[in-house]
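Residue numbers (the numbering used here): 2 to 202.
Scroll down for the structure; my scribbles are underneath it.
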Amino acid sequence: MAMTRFEKLFVNRQEKGDRNIETVRNRLIGLNIQNIHDVLEVGCGIGTLSAFLSSEYGMNVYGTDFDPEQIQIAGEVYGEDDHLRFRVEDAAKLTFEDASFDLVVSQDVFHHIAVWPQAVREIARVLRLEGHLIWIDMVFPNVITKLFKPFVKTYGLYTFDEIWFEFWENGFDERVHERLIHGPFAYHHFVLQKVCSTVQS
Ligand SMILES: C[S@@+](CC[C@H](N)C(=O)[O-])C[C@H]1O[C@@H](n2cnc3c(N)ncnc32)[C@H](O)[C@@H]1O
């Protein structure tokens, strides 16, 4: 779901972009960067991280977001070239071909996607076998999820077990996992690898 004007004021700040870059730079440590050519960022917002990945590592990056206004700002601020493109895309209905990317990054996006299991499926579909997913977001306690799920239709609400099951079912294996506390929420940083090309059951 697109963010409100108030949420954008908070999310589109330079400090948030700088923090995202630092976080993902750290998560890239341990991956073989030479093998990462094609990158998709889902929910890129105003594109700060996508632009960094393209300029710092020479990766071919698609920065994508559901919200045309965010994508327009990204294009105006960072411009586009052969290695950096911005596109309006719904993470739950990506228009890219199967196996198009070596790396997908999703930072603070899933709690905005009501149909988040579909987004996991789509990310698995567009990733190449042995490609990686850097996934960073909060997960919700069981009790909150149970209480609010019937009413919350426009945000993603999921427990750790639910999101992990979806990763597993779509062929992901964990390479790095860290749980960080931000106020009342548990933030999870995952580096996952696609180890299986068919849905497991
Ligand atoms: C909290 S912001 C995070 C932006 C950026 N990743 C960051 O960390 O600064 C969430 C972003 O996800 C986007 N978004 C929400 N639903 C989406 C969807 N279904 N597909 C793609 N992007 C989506 C929003 O438009 C917004 O830009």
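For every residue, glycine included, the Cβ atom is placed at its ideal position computed from N, Cα and C.
| query | result |
| --- | --- |
| Bounding residues of the alpha helix (DSSP H) (the contiguous stretch that carries Ala187) | No alpha helix (DSSP H) contains Ala187, which is instead part of the beta strand (DSSP E) from 186–195. |
| Residues of its chain near Glu167, where Cβ-Cβ distance is below 7 Å and the 5 sequence neighbours each way are ignored | Pro118, Val121 |
| Reduced DSSP category for Ile30 - H, G, I as helix; E, B as strand; rest coil | coil |
| Nearest-angstrom Cβ-Cβ length linking His104 and Gly132, presumed shorter than 8 Å | One point to set straight first is that residue 104 is Leu, not His, in the sequence displayed. About 6 Å separates the two Cβ atoms, so the contact holds. |
| Proximity below 9 Å, CB of Leu54 to CB of Glu70 | no |
| Euclidean distance between Cα positions of Glu175 and Ile164 | 12 Å |
| The beta strand (DSSP E) enclosing Gly132, as first and last residue numbers | 128–140 |
| Residue of Phe186, Ile30, Ser107, Met4 minimising C-alpha distance to Tyr63 | Ser107 |
| beta-carbon His189 near ligand 1 non-hydrogen atom, thresh 8 Å | no |
| Sub-9 Å separation of Val243 and Ala187 beta-carbons | Look at the range of the chain in this structure, 2 to 202, and you will see that residue 243 is not part of it. |
| Cβ pair His113, Phe67 closer than 9 Å | yes |
| Per-residue burial, Asp83 [other beta carbons within 10 Å of its own, 16 or more giving buried] | exposed |
| Ligand 1 heavy atom lying under 8 Å from the CB of Ile114 | yes |
| Spatial distance of Asn27 from His189 (CA atoms) | 14 Å |
| Integer-rounded CB distance, given that Asn13 should sit under 8 Å from Ile47 | 5 Å |
| Ligand 1 heavy atom lying under 8 Å from the CB of Lys154 | no |
| Contact test: Gln73 Cβ vs ligand 1 heavy atom, cutoff 8 Å | no |
| Whole-angstrom distance between Ala52 and Lys9, CA atom to CA atom | 19 Å |
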